[in-house]
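A.B. asks: Residue 108 in our numbering is what sits at position 112 of the sequence shown, and the numbering runs on without skipping anything. Quick reminder that beta carbons are idealized off the backbone N, C-alpha and C, glycines included.
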Amino acid sequence: MSLFKLCIFISSFFFFAYGLSYFTSSHMKSEFKRFGLERIGLLTIVLELLGAAGLLFGLRYNPILVLSSGGLALLMFFGVLVRIKSKDSLFVSLPALLLMGLNLYIFIVSIK
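1) Kindly indicate which three-state DSSP category MET72 falls into: helix, strand or coil?
2) Between VAL105 and GLY37, what straight-line distance do the alpha-carbon atoms span, to the nearest angstrom?
3) Classify LEU43: buried if its beta carbon has 16 or more other beta carbons within 10 angstroms, exposed otherwise.
4) Under 9 Å, do LEU93 and VAL76 count as touching if we go by C-beta distance?
5) Using three-state DSSP, classify LYS108 as helix, strand or coil.
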């Protein structure tokens, strides 16, 4: 398996895990509340789940991969901005930062 495909599987796994945890754990909902974003929490999670599925479908259809990885990178960019605004530590912000970078890498490679 290539490094590129491994990155796709890793990103997809984490977005599925984060997305599903919104429905199984109160922690994710409380984070959106803490940020003052509880009204868009469900939308954000739906976008994460669609993006995770899109990464996998994108292995077969490149335009879907471009759209999904670009969308997830953008979503995580805004996630990082929210973390900075909330004055969260680098350690707490690291997952969003790493997922943004990972999806930016997937996006850049997939548009070539």
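C.D. replies: Concretely, from the data shown:
1) helix
2) 30 Å
3) Counting the other Cβ atoms within 10 Å of the Cβ of LEU43 gives 16 or more, which makes it buried.
4) yes
5) coil
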